[in-house]
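K.L.:
Here it is, the structure in full.
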Amino acid sequence: MSDSPLPRAALWLGLYGLLPSIAALGVLALLPEWRAIAAGAGVAYGAVIASFVGGAWWGLACARAPAEALPRHLVFSVVPSLVAWPAVLVPYPTGYLVLAMLFAALLPTDRRLRMEGIAPAWWLTLRRPLSLGMAALHAAGAVILLMVAG
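Each step along the sequence shown adds one to the number in UniProt numbering, with nothing skipped, and position 127 is 127.
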């Protein structure tokens, strides 16, 4: 892949993608009457984004992985969805914690995709702050929900 710099559109769209999680966190913290809706929305959005990352991995693997490595990459690409989906089904603090751990755990695969030349040179520059941001936002959501629960 090219050594081109991180495309500005990818950076800005990725950062804008954090906004729904930031909004959900703000509502969790500041608007108790909307807390249940915000908790559900935050977990659902996190699951969607985790699945989106898996889809990006699938696309990169299909386009760039050597044939012998393709099955391994395809398996890894479905893991985010398979972990995120149950997070929607459990009590919200648990769902938030599962997603926080999942987003942090995405980085080793992002790193491997880059090291194997499957992801572009700028991939980690984009993925690191987004994954860590989502991990931190979901961890904070879990803390808020646990604090207000008792």
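Each residue gets a CB set at the ideal place from its N, CA and C atoms; glycine is no exception.
So for S4, helix, strand or coil by DSSP?
P.N.:
It is coil, neither helix nor strand.
K.L.:
Could you pull out every residue in the same chain whose Cβ sits closer than 8 Å to the Cβ of R8, ignoring the five residues on either side in sequence?
P.N.:
Correct list: empty, nothing qualifies.
K.L.:
Distance, Cα to Cα, V98 vs A10?
P.N.:
So the two alpha carbons sit approximately 26 Å from each other.
K.L.:
Taking Cβ to Cβ, would you say A50 is nearer than 8 Å to P80?
P.N.:
Yes.
K.L.:
Can you tell me whether S131 is buried or exposed, with buried defined as 16 or more other CB within 10 angstroms of its CB?
P.N.:
Buried, because 16 or more other Cβ atoms sit within 10 Å of the Cβ of S131.
K.L.:
Quick one: is L70 buried, meaning 16 or more other Cβ sit within 10 Å of its Cβ, or exposed?
P.N.:
With fewer than 16 Cβ atoms within 10 Å of its Cβ, L70 is classed as exposed.
K.L.:
For the alpha helix (DSSP H) that contains L145, what are its first and last residues?
P.N.:
Its alpha helix (DSSP H) spans residues W123 to A149.
K.L.:
Taking V145 as the reference, give the member of W34, L19 and P129 with the closest Cα.
P.N.:
The question names Val, but residue 145 is Leu in the sequence shown. Looking at the Cα atoms, W34 is the closest of the given residues.
K.L.:
Specify the secondary structure class of I118 as computed by DSSP and reduced to three states.
P.N.:
Three-state result, I118: coil.
K.L.:
Would Y45 be called buried (16 or more neighbouring beta carbons within 10 Å of its own) or exposed?
P.N.:
Classification for Y45: buried.
K.L.:
Report the three-state DSSP secondary structure of G55 (helix, strand or coil).
P.N.:
If DSSP states are grouped into helix, strand and coil, G55 belongs with the helices.
K.L.:
With distances taken from CA atoms, which of R114, M134 and F76 is nearest T125?
P.N.:
Comparing Cα positions, the closest option is R114.
K.L.:
Tell me the rounded alpha-carbon separation between L32 and A61.
P.N.:
A small correction: the amino acid at residue 32 is Pro; Leu does not occupy that position in the sequence shown. Roughly 43 Å separates the two Cα atoms.
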